Amino acid sequence: AQRVTQPEKLLSVFKGAPVELKCNYSYSGSPELFWYVQYSRQRLQLLLRHISRESIKGFTADLNKGETSFHLKKPFAQEEDSAMYYCALSGRSRSGGSNYKLTFGKGTLLTVNP
Amino acid sequence: DTAVSQTPKYLVTQMGNDKSIKCEQNLGHDTMYWYKQDSKKFLKIMFSYNNKELIINETVPNRFSPKSPDKAHLNLHINSLELGDSAVYFCASSPRLGYEQYFGPGTRLTVT
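Protein sequences, first through last, are from chains A and B. Mapping the first sequence onto the numbering used here, position 44 (from 1) lands on 44, and the numbers just tick up by one. Count along the second sequence starting at 1, add 1000, and that's the number in the numbering used here.
So this is what it looks like as structure tokens:
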């Protein structure tokens, strides 16, 4: 079974402060992890994926297999970062074979205050 | 040039009715999905189609029936709507299974 845990439902920081959104996962195979962002009343957008190891909008995330974590970080939060952030894991579905599915965490609502 | 589109954007209907939501992607992707986002913003996969073939059905009531007439379309038909069906339904597509997904704008369904 695959599971994604985002322990913080809400996270509030001030503009310019560092921000870290936590994500832990449970998966027996080799996972592929993503962060998606959903701005108010908009569609989900891919923010970044662990295999690309890139920085998008100042956000980075490192896969730590030992701690089974994929925390999202940004050194200086901006007001426009306020959104819902979802961590997601791509792994095989229960039907097995080559059927992959994306399992989402419950999301963390980030609010960046001025 | 919207990549993944859904219609309608809003749908308000009464219990017991039957309704459909349509999804189209112009990305040339092989795989399409339906997700349900509940009032607590929890996102859960419902179905996944690969090359028009159903490959994932996540214990969704059989009142929900997806249909994929071709690779670019995945429609969702819901029979005998219930109050608990009220949610935002997102369609998504990906180049292949396991790749990053691109989401539609969502359809906000309200059952009264």
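Here a beta-carbon is modelled for each residue, glycine too, at the ideal position from N, C-alpha and C. Because the structure is a prediction, the values reported are computed rather than measured.
- When Cβ pairs closer than 8 Å are counted between the two stretches, the stretch 1031-1038 of chain B is seen to touch the stretch 1095-1103 of chain B, the count reaching three or more.
- If you draw a straight line from the Cα of B/Ala1003 to the Cα of B/Thr1112, it comes to about 31 Å.
- Assigned with DSSP and collapsed to three states, A/Asp81 falls in helix.
- Non-local C-beta neighbours of B/Thr1013 in its own chain, meaning closer than 7 Å and more than five positions away in sequence, comprise Lys1019, Leu1081 and Val1111, ordered along the chain.
- Rounded to the nearest whole angstrom, the CA to CA distance from B/Ser1005 to A/Lys106 is 24 Å.
- At least 8 Å separates the CB of B/Leu1011 from every CB of chain A.
- In the DSSP assignment, A/Glu20 falls within the beta strand (DSSP E) that extends over Val19 to Leu21.
- Just so you know, the alpha carbons of B/Arg1063 and B/Gly1104 end up roughly 22 Å apart.
- Annotation: B/Pro1008 is outside any beta strand (DSSP E) and is labelled neither H nor E by DSSP.
- For B/Pro1105, the neighbours in chain A by C-beta distance under 8 Å run, in chain order, Gln42 and Arg43.
- A/Tyr36 places its beta carbon 8 Å or farther from that of A/Leu21.
- As computed with DSSP, B/Ser1093 is found in a beta bridge with B/Met1032 and B/Tyr1102.
- In this model, A/Val112 and B/Ala1087 are separated by some 27 Å (Cα to Cα).
- The C-beta of A/Ser90 has 16 or more other C-beta atoms within 10 Å across all chains shown, which makes the residue buried.
- Under the three-state reduction of DSSP, A/Gly107 is assigned to coil, being neither helix nor strand.
- Closest in alpha carbon position to A/Asn24, among A/Pro114, A/Leu109, A/Leu110 and A/Phe104, is A/Phe104.
- Comparing C-alpha distances from B/Lys1052 to each of B/Lys1040, B/Lys1071 and B/Ser1039 shows the shortest one belongs to B/Lys1071.
- Between A/Val4 and the set A/Gln78, A/Pro114 and A/Leu33, the nearest pair of CA atoms involves A/Leu33.
- A straight-line Cα-Cα distance of about 5 Å links A/Ala83 and A/Leu110.
- Ranked by Cα distance from B/Leu1076, the first of B/Lys1041, B/Asp1085, B/Ser1039 and B/Cys1023 is B/Cys1023.
- Residues of chain B with a Cβ closer than 7 Å to the Cβ of A/Leu46 are, in chain order, Glu1100.
- Under the Cβ criterion of 8 Å, B/Leu1083 is not counted among the residues facing chain A.
- The contact set of A/Arg49 on chain B, defined by CB atoms closer than 7 Å, consists of Glu1100 in chain order.
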